[in-house]
Amino acid sequence: MGNSMVACSGHGERLVTASREGDVPEVQKLLQINPGLARYSTFGLLNSPLHLASAKGHHEVVALLLENGADANSRNIYGQTPLMQACRNGHWQVVQRLLVYRSNVDKVEGLGNKTALHFAAAGGHVRCIRLLVSDFGSAASTGISISSKKEATDTKHNSELCNFINKPAGGGVTALHMAAMNGHYECVHLLADLNANISAQTLPYASSPMGSIGAGSTPLHYAASGGNAKCCQILIDRGANRLARNCNRWLPLDVATIWGCHWLEQILSPHSVLMVPRFPPSGYLCLPLSSVLDIARECGMQSNSSCDDIDDADNDVCPVCLYRSCDVAAEGCEHELCIRCAFNLCSTMRSNDSLAPPGTMPCPLCRASIQAFRKLPFLQPKKPDLNPCLSSGSDKPLVACRTEYRRNSSSVVPSEVVTSVPCTSISSSAAVS
1 MGNSMVACSG HGERLVTASR EGDVPEVQKL LQINPGLARY STFGLLNSPL
51 HLASAKGHHE VVALLLENGA DANSRNIYGQ TPLMQACRNG HWQVVQRLLV
101 YRSNVDKVEG LGNKTALHFA AAGGHVRCIR LLVSDFGSAA STGISISSKK
151 EATDTKHNSE LCNFINKPAG GGVTALHMAA MNGHYECVHL LADLNANISA
201 QTLPYASSPM GSIGAGSTPL HYAASGGNAK CCQILIDRGA NRLARNCNRW
251 LPLDVATIWG CHWLEQILSP HSVLMVPRFP PSGYLCLPLS SVLDIARECG
301 MQSNSSCDDI DDADNDVCPV CLYRSCDVAA EGCEHELCIR CAFNLCSTMR
351 SNDSLAPPGT MPCPLCRASI QAFRKLPFLQ PKKPDLNPCL SSGSDKPLVA
401 CRTEYRRNSS SVVPSEVVTS VPCTSISSSA AVS
C-alpha cells in the first residue's frame, strides 16, 4: 500500500509539471495510467493540475483534465478557482473550456472576495468578460427586443447578470472600479453597457491599496486616478456625475489633481465647456455567444467528423478552418460552421456598429447579422461518461482526446479572428496569485 501511495504521488507530481509546461503527450500518458490523477492537488497550497494549466493558458491540457474528471470548481488554499486563474491572465480559450464544463462564475476567492469578473476587469481582459457574461443568456447584450414568451426568463437572467456585474469585492470595489482605475477603456465600455452601476461607491472607510483615492469613491474617481481620458469620457457619456464627492469630499477632478493627471482637468471639470464624445454600444457585446455556449455544453466542442470522412457524411466541411465538419448554422443567413470556429468567432470578433440590435455579429462569409446559432439536425448530445476516477479501463475518452488534438494542429482560423494570448510563468510550489 505504501508503494502504491508513493507511485501515486510521483505520478501526481509528474502531472503537475506536465500541466504547468503544457506537455500534452505526457498528460495523456499519465491520465491513461491513472485517470484519478486529474483530481490531484499539491500539498500545502492545494493547486491542482487544472489550476496550473489554466493559469498558463494550456487549453488542450485543460480539456484533457476536465474530460478525465477534474473539478472545474476546485479551489486552492486561497479559495481561487481555475476560472479565476484563467481570467487573471487573459486566457480566453481556457475560459471557454471551463464554462463548457459549467465552472461557476459566481464563486468568490478568500483573500479579497473577488470573482473571476474582478480578475478579468483588473487585467483588462475584455474577451474573458464577454465569455463570463455569456452564461446569462440574451441578457448579456443590451438593446434587444424580446418576445413575450421569453420575457420572464430574460428578465430573470437580466437581474442575475446585473447582480453579477455589480458584485462588490473587498471594500465595495466593483469590476467597473477596477477596470477604470487601470485604464482599461474597452472593459469599462463593455461593463457600462452591461448595466454596471456607474454611481457605485466603495465602502465608507479607507482600505488599502485604494485608500489614497478615498473611501466612498465612484468609478469616475477611480478613472481619474488611473489617468485614462477615454475611461473618463465613457463613464461621463453613460451618466457618471462629475459633481459626486467621496468621503474626503473630493470630486473626481480633485483626485485627478492629487494623482498628477492634469490632462483630465478639462474633461472632469464640472464647468467644462468641452464636449464629451458619444460612444456607440460596445463592440464586445455578443448576442450569439450564449447560443453557442449552450450547444457546446449539450454536444461538446468536438465535431462529429473531420475532412477525412466528409465524403461519406451528409454535412460539409467548415469554411473557416477547412478541416472539421459543420455542426451549427447561423440563424438568418443559414451559413454553416463547425462549433469550435463558431465559438472562437463569437469569443474574439468585434460586433459591427452598423448592425442592429447591439451585439449582433457579422457573418464571416456574407457579413449578414447573426443573432444566434442553432445546431444542425444530425448533431447529437454528448453521452454522459462515467467518472474516469470510478471506472476501470476507461481509455476511450483518452483516444478521443488524441484525435481531437491531432485535428487541432491542422485547424486554421483567420489571424484577425483568433489572436494568441501570452503566457505568464508560474511555479507549482507557489501560490497562483
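Residue 1 is where the sequence shown starts when you use the UniProt record's numbering, and the numbers rise one by one after that.
Backbone N, C-alpha and C define an ideal beta-carbon position, used for all residues, glycine too.
Would you report the Cα separation of residue i and residue j, rounded to the nearest angstrom?
i, j, result
"S291", "G137", "8 Å"
"E13", "V62", "16 Å"
"H11", "I77", "22 Å"
"I213", "N241", "17 Å"
"R238", "V276", "11 Å"
"P388", "L65", "Bear in mind that a pLDDT of 41 at P388, under 50, signals an unreliable position, so the number given afterwards is only what the model happens to contain. The alpha-carbon atoms of P388 and L65 are separated by roughly 11 Å."
"T218", "G69", "43 Å"
"G260", "R102", "44 Å"
"S282", "G22", "34 Å"
"A121", "A175", "6 Å"
"H59", "V273", "50 Å"
"M301", "P270", "52 Å"
"Q371", "L194", "17 Å"
"S9", "R39", "12 Å"
"I198", "V126", "18 Å"
"L131", "V108", "18 Å"
"L190", "L52", "29 Å"
"Q233", "H262", "15 Å"
"G211", "G172", "12 Å"
"P25", "H91", "21 Å"
"G124", "A179", "6 Å"
"L243", "Y284", "30 Å"
"N73", "A116", "12 Å"
"P362", "M349", "9 Å"
Starting from residue i, trace the beta strand (DSSP E) both ways and give me its first and last residue.
i, result
"V328", "328-330"
"R127", "Where R127 is concerned, there is no enclosing beta strand (DSSP E), although the alpha helix (DSSP H) it sits in stretches over 126-133."
"C373", "Per the sequence shown, residue 373 should be read as Phe rather than Cys. Element bounds for F373: 373-375."
Are there 16 or more other CB atoms within 10 angstroms of the CB of residue i, so buried, or fewer, so exposed?
i, result
"D106", "exposed"
"S159", "exposed"
"K382", "exposed"
"N163", "exposed"
"F343", "buried"
"E298", "exposed"
"residue 434", "The structure shown does not extend to residue 434, since the chain is modelled only from 1 through 433, so no value can be given for it."
"R88", "buried"
"R278", "exposed"
"L83", "buried"
"E186", "buried"
"Q380", "exposed"
"P204", "exposed"
"S351", "buried"
"R75", "buried"
"G110", "exposed"
"R97", "buried"
"L293", "buried"
"L50", "buried"
"E67", "buried"
"L365", "exposed"
What are the start and end residues of the alpha helix (DSSP H) that includes residue i?
i, result
"F343", "339-348"
"E67", "59-67"
"W92", "92-100"
"M275", "No alpha helix (DSSP H) holds M275; DSSP gives it neither H nor E."
"K167", "K167 -> no alpha helix (DSSP H), and no H or E assigned at all."
"T257", "252-258"
"E26", "24-33"
"C286", "Unbroken run through C286: none, as it is neither H nor E."
"C187", "185-193"
Apart from the five residues just before and just after residue i, which ones in its own chain have a Cβ nearer than 7 Å to its Cβ?
i, result
"L30", "H11, R14, L15, A18, L37"
"V27", "L15, A18, S19, V61, L64"
"S41", "N47, S48"
"A296", "V100, I339, F343"
"G183", "G226, G227, N228, C231"
"V94", "S54, G57, H59, V62, A86"
"N166", "T174, A196, N197, A200"
"C341", "C318, V320, C321, V413"
Please tell me whether residue i has its Cβ less than 8 Å away from any Cβ of chain C.
i, result
"S225", "As a matter of chain content, chain C is missing from the structure shown, which is built from one protein chain."
Considering only residues of the same chain and omitting the five flanking positions on each side of residue i, which have a CB-CB separation below 6 Å?
i, result
"A169", "G112, N113, K114, H118"
"L220", "L235, A240, P252"
"E336", "C326, A329"
"D71", "none"
Excluding the 5 residues flanking residue i on each side, which residues of the same chain have their C-beta closer than 8 Å to its C-beta?
i, result
"L376", "N315, C326, D327, V328, A329, E336"
"V6", "Model confidence at V6 stands at a pLDDT of 36, short of 50, so the residue's coordinates are unreliable and nothing is read from them."
What do you reckon, is the C-beta of residue i under 7 Å from a heavy atom of the ligand ATP?
i, result
"D294", "With respect to small molecules bound, the structure shown includes none, and the ligand ATP cannot be examined in it."
For the segment 318-338 against the segment 266-283, are there 3 or more C-beta pairs whose distance is under 8 Å? no
Are the segment 240-255 and the segment 279-290 touching by the rule of at least three beta carbon pairs closer than 8 Å? no
Tell me whether the segment 323-339 and the segment 251-262 touch, counting them as touching only if at least three CB pairs, one residue from each stretch, are closer than 8 Å. No contact exists between the segment 323-339 and the segment 251-262.
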